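Following: one structure in C-alpha cells, then a few remarks.
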Amino acid sequence: MPAAAVFGVLAITAVIASLIVARPAITVAREGKVLAFLGLFILPVFTSVLGFDSHMERSKATSFCLGCHIMEPYGKSLYVDDSTYIPAAHYQNHRVPADQACYTCHTDYTLYTGGIKAKFRGLHHIYAQYLGKTHQPIKLYQPFNNRECLHCHLGARNFEEGTTHSTMLDDIKSNQLSCVTSGCHDMIHNASHLNQVKMWSPKK
Amino acid sequence: MTETGERTDGFIVRKLRLAGALIIAGLAVQGASLWWNHPLSFIAFLGLGGLLLAAGILIYLIALVTPAKS
C-alpha cells in the first residue's frame, strides 16, 4: 500500500480518537459507540498492520541496510571502480536494483527465505549495534548460497550456454561449487581493503 | 443517567479519554517512524508506538466490558 494511504488511515484514526478524547459523551449514543469501536479498536489495529507492512517493505531498501555504522564499508564497496568486485559491478551497472541492492543478493536475511529467525537476527543486530558489542569483521550466518546468483542468472542464455558455466552447471546448482569462494568470483565486498582501491563517483 | 438509560460515569469517561490519548500518542509515534527509513525507526514503531496503541486498545476494551455502576 502506498505511504500516502497509510498516512491517510492514520490521520482518520487520529481524528476519531481525538473526538472521543474531547467529547467522550458521544459514546452514549449507538452511533457514538460504533465510532468509538472504530476509532479505538478497529482502525488502530488496521493502522498498525499497514504500518508494519510498510516498515517491512522499507527494510528492503539499500539505505536501510546501510543505516547502521558497521555497514558503512559495505555500502562504500558498492562504489569500487573495479569490475572484478562482484557487488560493485552489479550495483553500478544496475544488474541489481540500486535501491534494493543488499536485499537482492542476501535473500536469507528476508522473511520469505530466512523465516522469522532472520527477523529476530535483525533485532539482535540492532541490539548489538546500539547496546551490545559488534564483531569485526562481520560474517554471514551461512555460506553464501549460489541461489542468490541463480535467481537472476539461471535461464539467461549467456550464462547457461557459455562455455565456462555450462560445463559445471549441475555443480553450481547443487552448491557443490560456490560461485564466490571457489576461486571464480571471489572478489566480493573486501570491505577491509577499500582504502587501497580506486572509487567510482557517479555523475550527478 | 442519560435519556437512553445508560450511564456516562466518570470511570468510563476517564478510561475512554486515557485510551484515546494513548492511541493518539501511539499513532503519532508510528506516523513519525514512517518518515525515517532506519532500523531504529522500526524499533520505535513496534516498541513504542505499538506498545502505546496496545495499551490504549486494552484500556478501551476494559472500559467496554466494565459494568456501569447502578
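Those protein sequences? They're chains R and U, same order as listed.
All residue numbers for the first sequence refer to the numbering used here, where the first residue is 195 and numbers rise by one.
All residue numbers for the second sequence refer to the numbering used here, where the first residue is 659 and numbers rise by one.
Cβ atoms here follow ideal geometry from the backbone N, Cα and C, with glycine treated the same way.
Small disclaimer: the values here were computed from a predicted structure and weren't measured.
Is residue i close to chain R? Criterion is C-beta to C-beta, closer than 7 Å.
i: residue 720 (chain U); result: no
i: residue 697 (chain U); result: yes
i: residue 689 (chain U); result: yes
i: residue 723 (chain U); result: no
i: residue 659 (chain U); result: The predicted model places residue 659 (chain U) with a pLDDT of 43, which falls under 50 and marks its position as unreliable, so this point remains unresolved.
i: residue 710 (chain U); result: no
i: residue 669 (chain U); result: no
i: residue 663 (chain U); result: Interpretation of residue 663 (chain U) is limited by its pLDDT of 45, a score under 50 that renders its predicted location unreliable; the figure taken from the coordinates is listed afterwards. With 7 Å as the cut-off, residue 663 (chain U) does not count as an interface residue toward chain R.
i: residue 685 (chain U); result: yes
Give a yes or no on whether 7 Å exceeds the smallest Cβ distance from residue i to chain U.
i: residue 314 (chain R); result: no
i: residue 218 (chain R); result: yes
i: residue 240 (chain R); result: no
i: residue 202 (chain R); result: no
i: residue 252 (chain R); result: yes
i: residue 207 (chain R); result: yes
i: residue 332 (chain R); result: no
i: residue 181 (chain R); result: Only positions 195 to 398 of chain R appear in this structure, which leaves residue 181 (chain R) out of reach.
i: residue 320 (chain R); result: yes
i: residue 211 (chain R); result: yes
i: residue 258 (chain R); result: yes
By Cβ distance below 8 Å, which residues in the same chain neighbour residue i in space, the five residues on each side in sequence not counted?
i: residue 199 (chain R); result: 244
i: residue 336 (chain R); result: 302
i: residue 248 (chain R); result: 195, 197, 200
i: residue 331 (chain R); result: 385, 386
i: residue 213 (chain R); result: 220, 229, 233
Can you list the residues of chain U that residue i reaches, using a CB-CB cut of under 8 Å?
i: residue 234 (chain R); result: 674, 677, 678, 681, 714, 715, 718
i: residue 230 (chain R); result: 674, 718
i: residue 262 (chain R); result: 697
Is the Cβ-Cβ distance between residue i and residue j less than 7 Å?
i: residue 328 (chain R); j: residue 236 (chain R); result: no
i: residue 310 (chain R); j: residue 379 (chain R); result: no
i: residue 353 (chain R); j: residue 347 (chain R); result: yes
i: residue 687 (chain U); j: residue 714 (chain U); result: no
i: residue 679 (chain U); j: residue 215 (chain R); result: yes
i: residue 683 (chain U); j: residue 710 (chain U); result: yes
i: residue 275 (chain R); j: residue 392 (chain R); result: yes
i: residue 221 (chain R); j: residue 230 (chain R); result: yes
i: residue 218 (chain R); j: residue 723 (chain U); result: no
i: residue 389 (chain R); j: residue 366 (chain R); result: no
i: residue 362 (chain R); j: residue 278 (chain R); result: no
i: residue 350 (chain R); j: residue 685 (chain U); result: no
i: residue 717 (chain U); j: residue 677 (chain U); result: yes
i: residue 238 (chain R); j: residue 701 (chain U); result: no
Below 7 Å CB to CB, which residues in the same chain sit around residue i once its five sequence neighbours on both sides are set aside?
i: residue 240 (chain R); result: 203
Residues of chain U with CB under 7 Å from residue i, in chain order?
i: residue 214 (chain R); result: 674, 678
i: residue 221 (chain R); result: 674
i: residue 255 (chain R); result: 695
Under 9 Å Cβ-Cβ, which residues of chain R neighbour residue i?
i: residue 692 (chain U); result: 197, 200, 201, 204, 245, 248, 249, 252
What residues in its chain sit with their C-beta under 6 Å from that of residue i, if we drop five residues either side in the sequence?
i: residue 273 (chain R); result: 393, 394
i: residue 674 (chain U); result: 721
> Counting pairs of beta carbons, one from the region 251-263 of chain R and one from the region 685-698 of chain U, are three or more of them closer than 8 Å?
Replying inline: These segments touch.
> Does the region 260-276 of chain R touch the region 384-394 of chain R, meaning 3 or more C-beta pairs lie closer than 8 Å?
Replying inline: With the rule of 3 Cβ pairs closer than 8 Å, the region 384-394 of chain R counts as touching the region 260-276 of chain R.
> For the region 288-296 of chain R against the region 224-235 of chain R, are there 3 or more C-beta pairs whose distance is under 8 Å?
Replying inline: No contact exists between the region 288-296 of chain R and the region 224-235 of chain R.
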